[in-house]
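So the protein sequences, as listed, match chains A and B. The first sequence begins at -17 in my numbering and counts up by one. The second sequence begins at 240 in my numbering and counts up by one. From the three backbone atoms N, C-alpha and C, an ideal C-beta is built for every residue, glycine too.
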Amino acid sequence: MGMKALSKYSDIDKLFHTMAEIIYETEMAHGGGFWPFSPMRLHPILADPFFRELYRLLKESEERSFTIEETARSFINPNRVADYNFLWGFARELPPEEGEYVASKLIEILKILRNGNPFSEDDRNTIWSDKVVKERTASTPFIDLVEHPEFKELVARVETLLTLYAELLYFVFPGFSRMYHGPYHLDGKIVFVKEFIDLRPTWLWSFTEDFPFSHFLEVGLYKDINIKVRFVGLIEADRPFPQALKSTSLFVDDKPVRDLANLKNLVDAVESKVNNYTQLMMSYSEKDLMIQGIKIFFYSLKPLYDALGEDIQVPFDISHVLKRESKEKRKRPKSLDDLTKEEAIKRIKQSIDIRFRKLKSIRVIAFDFIGVIAELNKDFNLNEFMRTVAKNSNLKENEKGILSRAWYEHIETHRGDPLESIKRIGKFFAKTKELDRKVIDCVGREIEEQIAAEFYLPIDGLRELLGELQQRGYTLVITTHVPYKTVKKFLMVNDLESFITKVYSAEGGKVGGELYQSLLDDAKELSIQPLDILVIDDQTKNLEKAKEHGLISLLIGSYDILKSKHIDFTARNSEEIFKKLERT
Amino acid sequence: MKAKGSTILKGTGASSGEAKGEVCVLLTPEENRKIRQGEILVTRMTTPLFTPAIMQASAIVTDIGGYLSHAAIIARELGIPCVVGAKEATKVLSDGEEILVNGNEGTVKIF
């Protein structure tokens, strides 16, 4: 029997799976060549600060009692929101809980903007509800293109120009402006809406001030065409649009355009502006364009900044970051050519799913655990902990110096907030290259001992601890040689059942390594990373085995830990421990 | 020697329809002015910087790209035939040559 995936993650799973499919398909069918540069250069610089800012703005909106509906409407175009998901694979420092929060909010926003169809699973971008489609088509005067074919070429020209213009302004994310939606099906007709928003983004490009309009909308009635709109707004059609367009209705800045001469003037004006801007854009240096590429993302949040009464800001020094970028070796992504489509999508999903990148190493996990302990256990003394590390270590003087520097920089500055301090020092150790491996090992060893010593908690504390760890995305399993029934009863009586995904009991004949192997097989089946699984056991030697299998573990109930703490246990036998915990 | 009617290039048909015309090879957007109305734009790949040239073209042929490439999307929007991923189009074809682009089959023939 496999482990049951946690249902609260099903939407997030779908988000990352959908994105993995899109990335795979664009990789295969795009064929290379990006203007003005590959997103692979920009995204590593952009992903972390952008998601952190998005997290801040979403939280702020929540605190200011904005409804999710209000927040969603400020994004206007769901394609923008979907496009943000291209950045997940590059977010390396974003705290996982923040990433998960942002992902879940993006899904909520997409649900609202796409009328309950957030992932465009039916290849439709359903911005209008059926009711709106009916009302808009009933109230819109259409131009019959069979009777007036002279309009057709002009419509095609203006929409091509606007598509090119959207790319000129928003680079590989024309969906920040282009908002094609539908196809809607109404009384045997195919209704497809082509909309372009934000065509005068002067904060971003001051020269756009004189563009003839800011918003374009065409409601088109089509025949014999199969149009697909994918999650990120990518359009597929089995024939060119003009061939299938039968009737049209055009609006610029909400005013109808029904006169041929007016339309011709409009197309000429757009063409002239786009040609001028194209010429202008050729004079930009690569660095200028990189800076613009970063600003595009923050600009897309403008309505949210406006709603919160804040000015748009790029929360880091762009030129400094670009300097660093030019020195860094750019990694080429692993080729997907040798994989089947399913394998490739699975690999991409794992690389972009923020939850799988939750923690980078066993050491960082250890810091995370210590953080939980510090939060739950009022007696935990961080100063004491660090002193013990220093005392018991066999560090050389200079290594101690490095440790103390870390201590002062990352702990003393956050005095009084142990959880924050620990999180910071955890991150520091995880990424600071100058720290000797020995120093990290030394701290980590002490932490592991502390985990064993401090994870003793009365049953309420245990419940709280497991709840907290579950919140952080760990899949919690128990491995034990105690009969399955005893453990289940213990979990039930103490209201712990909902935290534990599965109990692996040795009573079925499986012992030690076999138990862990079966656990890992289950995890593989469910695409759960070993580092996201927390093994709970009552014997140190079993946990050593867990560690050998790359799993992280929590020791509960051993005599040495329990005897001196809140509950007076004396039993060495784990079965008795479970029974006693049951009674507590 | 390029025989009349022979298929000289095969790629992916990304926007259906047929167009006949003279080749205009553009290797960079700086050459945009070279193209005349109704000519066939042949390039390595298109970008928005080719806008003035694209708007003059009666068909597009590119060396690289797939069904979701820039040239493909733009051609479907404009309603002109397009063949992408024709590998060496910019080397094989020369300015002024008369060709027939078939966006259904993904072929380029000498006309």
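*asked:* Extract the residue ranges of the alpha helix (DSSP H) inside the segment 186 to 235 of chain A, only unbroken runs of 4 or more that lie entirely within it.
replied: 223 to 226
*What does R275(B) pair with, by DSSP beta-bridge criteria?*
In the DSSP output, where bridge partners are listed per residue, R275(B) has none listed.
_Would W187(A) pass as an interface residue toward chain B - the criterion being a Cβ-Cβ separation below 7 angstroms?_
W187(A) does not count as touching chain B.
_For a minimum of 4 consecutive residues, which ranges assigned as the alpha helix (DSSP H) are wholly contained in the segment 245 to 271 of chain B?_
Entirely contained in the segment 245 to 271 of chain B, not one alpha helix (DSSP H) run reaches 4 residues.
*For W70(A), which option in K205(A), R106(A), D105(A), P26(A) has the closest C-alpha, if you only look at C-alpha atoms?*
Checked all of K205(A), R106(A), D105(A), P26(A); the closest Cα to W70(A) is P26(A).
*Opening and closing residue of the beta strand (DSSP E) in which S487(A) lies*: 482 to 487
*For G250(B), which residues from the same chain have a beta carbon less than 6 angstroms from its beta carbon, with the 5 sequence-adjacent residues on both sides left out?*
V322, V323, G324, A325, G345
*Taking a Cβ distance cut-off of 8 angstroms, strictly less, list which residues of the segment 312 to 329 of chain B are near chain A, in chain order.*
I312, I313, A314, R315, E316, L317, G318, I319, V323, G324
*Have a look at Q225(A), P224(A), K210(A) and flag the residue whose alpha-carbon is nearest the alpha-carbon of E218(A).*
K210(A)
*Please confirm if T246(B) has its CB atom under 7 angstroms from at least one CB of chain A.*
no
*Measure the C-alpha to C-alpha separation of I482(A) and G449(A) and round it to an integer number of angstroms.*
10 angstroms
*With burial defined as no fewer than 16 other Cβ atoms inside 10 Å of the residue's Cβ, what is the status of T267(B): buried or exposed?*
exposed
*Along the segment 282 to 295 of chain B, what residues have a CB closer than 9 angstroms to any CB found in chain A?*
R283, M284, T285, T286, P287, L288, F289, T290, P291, I293, M294
*Please list, in chain order, all residues of the same chain as K243(B) whose beta carbon is under 8 angstroms from its beta carbon, the five residues on each side excluded.*
I349, F350
*Of all the CB atoms in chain B, is at least one closer than 7 angstroms to the CB of L150(A)?*
yes
*For M10(A), the first and last residue of its enclosing alpha helix (DSSP H)*: -8 to 12
*asked:* Using a Cβ-Cβ cutoff of 9 angstroms, what residues of the segment 10 to 30 of chain A are near chain B? List them in chain order.
replied: M10, A11, H12, G13, G14, G15, F16, W17, P18
*asked:* Please report the distance separating the alpha-carbon of G256(B) from that of D65(A).
replied: G256(B) and D65(A): Cα-Cα distance of roughly 32 angstroms.
*Buried or exposed for R46(A), please, with buried defined as at least 16 other CB atoms from any protein chain shown within 10 angstroms of its CB.*
exposed
*Buried or exposed: P131(A), going by 16 or more other Cβ atoms within 10 Å of its Cβ?*
exposed
_Cross-chain neighbours of Q225(A) in chain B, by beta carbon under 8 angstroms_ = Going along chain B in sequence order, the residues near Q225(A) (Cβ under 8 angstroms) are S255, G256, G318.
_Interface partners of V256(A) on chain B, CB under 9 angstroms_ = Near V256(A) (Cβ distances below 9 angstroms), the residues of chain B are P287, T290, P291, M294.
*T260(A) touches chain B at which residues, Cβ-Cβ below 9 angstroms?*
P268, N271, P287, L288, F289, T290, P291
*What residue does the alpha helix (DSSP H) around A85(A) start on, and which one ends it?*
78 to 95
*Would you say P131(A) faces chain B, with C-beta separation under 7 angstroms as the test?*
No - not a single Cβ of chain B is within 7 angstroms of the one on P131(A).
*Mind checking if L146(A) is an interface residue toward chain B, Cβ cutoff 7 angstroms exclusive?*
yes
*If the cut is a Cβ gap below 8 angstroms, which residues of chain B does A251(A) touch?*
None at all; the shortest Cβ gap to chain B is about 14 angstroms.
*Output the distance between the C-alpha atoms of T49(A) and R55(A), rounded to the nearest integer angstrom.*
10 angstroms
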